[in-house]
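Asker: I have a structure I would like to understand better, so I am pasting it below and will then ask my questions one at a time.
Residue numbers (my numbering), protein chains in the order written: chain L, 46 to 313; chain F, 14 to 61.
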């Protein structure tokens with residue numbers, strides 16, 4: 046009898062197997078089909094963000110393929126640690142998953158103590174959607190290219206400003222990483238939330254913002270903002286005119302964000 | 014994610030579909046965690 050695991054199911058969703066094929070494959074070594082009851086997916090962030098949107102789409106796809114309910118619960122707060130902690134305390138039976146992105150890898154560096162064991166409590170299942178990080182400026186910014194932005198930062202250290210939703214957020218760390226890669230120092234302007242930082246970028250209060258591409262797509266397509274460069278080895282299909290960092294002259298910066306699921310041990 | 018609707022979905026949010034298995038995911042996360050540690054060491058950020 047075949048053994049079905051979540052990772053196999055997710056892999057199979059990549060090739061859009063029919064529901065019948067999934068059902069045939071979805072049996073455990075004990076003979077019990079998986080999933081035999083609803084599966085909860087915790088999103089440790091507020092509704093509407095990129096991880097939430099991707100997770101809900103994947104949940105719908107898994108439900109379509111298995112015929113079983115996959116429901117999403119948002120447990121936001123404390124940079125995602127509240128939701129992750131809840132997942133870490135769940136039964137290790139495969140019926141509670143937690144979605145995460147690159148912010149998860151920041152947690153040991155922004156908190157002295159976590160409410161779960163970062164190395165042991167949760168293990169990866171798979172990641173399935175990948176979003177570049179981009180440098181975005183307002184539409185009429187004086188910076189037309191990434192090279193112009195970096196040249197200005199080299200000329201005037203700590204004068205070129207970037208905004209984030211706060212210290213310790215992913216955009217904060219990504220901007221710092223960008224500065225390290227380019228050998229420049231930017232000035233960080235933390236706001237109360239990412240929305241305020243975006244408003245500051247659009248109004249020209251700050252020079253630029255770093256964000257994953259799903260978060261800036263609306264303003265870019267709407268003509269309010271421009272992406273100077275995106276991470277990744279090739280240009281995005283959705284944004285064919287935006288160069289990669291490598292194309293823009295920065296070879297050593299290629300951070301990609303991901304959305305994936307983790308689960309408690311030891312279920313397989 | 015290779016299905017047409019999932020490809021279209023990924024494109025609609027300026028992302029790329031893909032797949033990391035558990036081992037690849039674990040390896041990336043370990044590398045990523047170490048990378049952020051180096052970045053944190055280069056900033057004035059203090060852990061909370």
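Ideal placement from N, C-alpha and C gives every residue a C-beta, glycine not left out.
All values derive from a computational prediction rather than experimental measurement.
(1) Answer yes or no: does any C-beta atom of chain F fall closer than 8 Å to that of residue 75 of chain L?
(2) Any contact of the region 111-126 of chain L with the region 138-153 of chain L, i.e. 3+ C-beta pairs under 8 Å?
(3) Determine, using beta carbons only, whether residue 191 of chain L and residue 91 of chain L come nearer to each other than 8 Å.
(4) For residue 158 of chain L, is the classification buried or exposed, using 16 other Cβ atoms within 10 angstroms of its Cβ as the cut-off for buried?
(5) Where does residue 44 of chain F sit, in a helix, a strand or coil, going by DSSP?
(6) At the level of alpha carbons, what is the spacing between residue 203 of chain L and residue 148 of chain L?
(7) So what does residue 308 of chain L bridge to, in DSSP terms?
(8) Rounded to the nearest angstrom, what separates residue 270 of chain L and residue 46 of chain F at their Cα positions?
(9) Determine whether the beta carbon atoms of residue 87 of chain L and residue 131 of chain L lie at a separation below 8 Å.
(10) Near residue 298 of chain L, what residues of its chain come up, given a Cβ to Cβ distance below 8 Å and the 5 sequence neighbours on each side ignored?
(11) Strictly under 8 Å for the Cβ-Cβ distance: is residue 87 of chain L near chain F by that measure?
(12) With respect to the beta strand (DSSP E) encompassing residue 271 of chain L, which residues constitute its N-terminal and C-terminal limits?
(13) State buried or exposed for residue 102 of chain L, treating a residue as buried only when at least 16 other CB atoms are found within 10 Å of its CB.
(14) Secondary structure at residue 126 of chain L, three-state DSSP: helix, strand or coil?
(15) Does any CB atom of chain F fall closer than 8 Å to the CB of residue 49 of chain L?
(16) On the premise that residue 100 of chain L lies in contact with residue 304 of chain L, defined as a C-beta separation below 8 Å, what is that separation, rounded to the nearest angstrom?
(17) Mind checking residue 179 of chain L: buried by the 16 CB within 10 Å criterion, or exposed?
(18) Within 8 Å of any Cβ in chain L, is that where the Cβ of residue 21 of chain F sits?
Answerer: Once the coordinates are examined:
(1) A caution first: residue 75 of chain L carries a pLDDT of 47, below 50, which makes its placement in the model too unreliable to give a value.
(2) yes
(3) no
(4) exposed
(5) helix
(6) 25 Å
(7) L/142, L/168
(8) 31 Å
(9) yes
(10) 222, 223, 226, 227, 276, 290
(11) no
(12) 270-275
(13) buried
(14) helix
(15) Its pLDDT being 46, under 50, residue 49 of chain L is placed unreliably in this model, and the coordinates cannot settle the point.
(16) 7 Å
(17) buried
(18) no
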